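For reference, the structure is listed below as structure tokens.
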Amino acid sequence: MDDIIKSIIDIDRGTTKRIEDAERQKMKIIEEAKAEEEKIIARAIKVKNSELEKLEKLEMDKTNERIAQLSAEKNCKIEAMTKSFEKNSEKWCEEIFRAVISV
Numbered sequence: 001m002d003d004i005i006k007s008i009i010d011i012d013r014g015t016t017k018r019i020e021d022a023e024r025q026k027m028k029i030i031e032e033a034k035a036e037e038e039k040i041i042a043r044a045i046k047v048k049n050s051e052l053e054k055l056e057k058l059e060m061d062k063t064n065e066r067i068a069q070l071s072a073e074k075n076c077k078i079e080a081m082t083k084s085f086e087k088n089s090e091k092w093c094e095e096i097f098r099a100v101i102s103v
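Counting in our numbering, the sequence shown runs from 1 upward without gaps.
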């Protein structure tokens with residue numbers, strides 16, 4: 001009878017040890033999986049940040065190009081208006097003067 005009880009206790013100890021080992025192994029696997037998940041997330045964030053930086057640069061380049069284009073158009077219009085003013089300013093002054101006098 002003592003042998004049976006001793007055998008049961010030994011089996012129980014062995015089972016308890018296996019359960020503890022399995023729990024430790026489970027926790028180790030979970031920790032490794034979490035670490036791998038964090039690495040994957042960090043890589044994905046790095047890739048997306050790189051893509052965003054490229055897109056931001058592309059949009060900034062397009063915007064700067066459009067600003068330069070609009071600035072050139074504005075300068076051409078100002079130059080045309082200046083030339084028109086230089087050419088016609090005396091005539092316009094005379095027309096304004098006549099219009100004021102005739103009132």
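We put the CB at the ideal spot given by N, CA and C, even for glycine. These figures come from a predicted structure and were not determined experimentally.
- When only Cα atoms are considered, Lys26 and Asp2 end up about 35 Å apart.
- For Ala22 and Lys34, the gap between their C-alpha atoms comes out near 18 Å.
- Cβ-Cβ distances below 6 Å link Glu53 to nothing in the same chain once the five nearest sequence neighbours on each side are left out.
- Bounds of the alpha helix (DSSP H) holding Met27 are 2-101.
- In the same chain as Ile96, and ignoring 5 residues on each side of it, no C-beta atom comes closer than 8 Å to its own.
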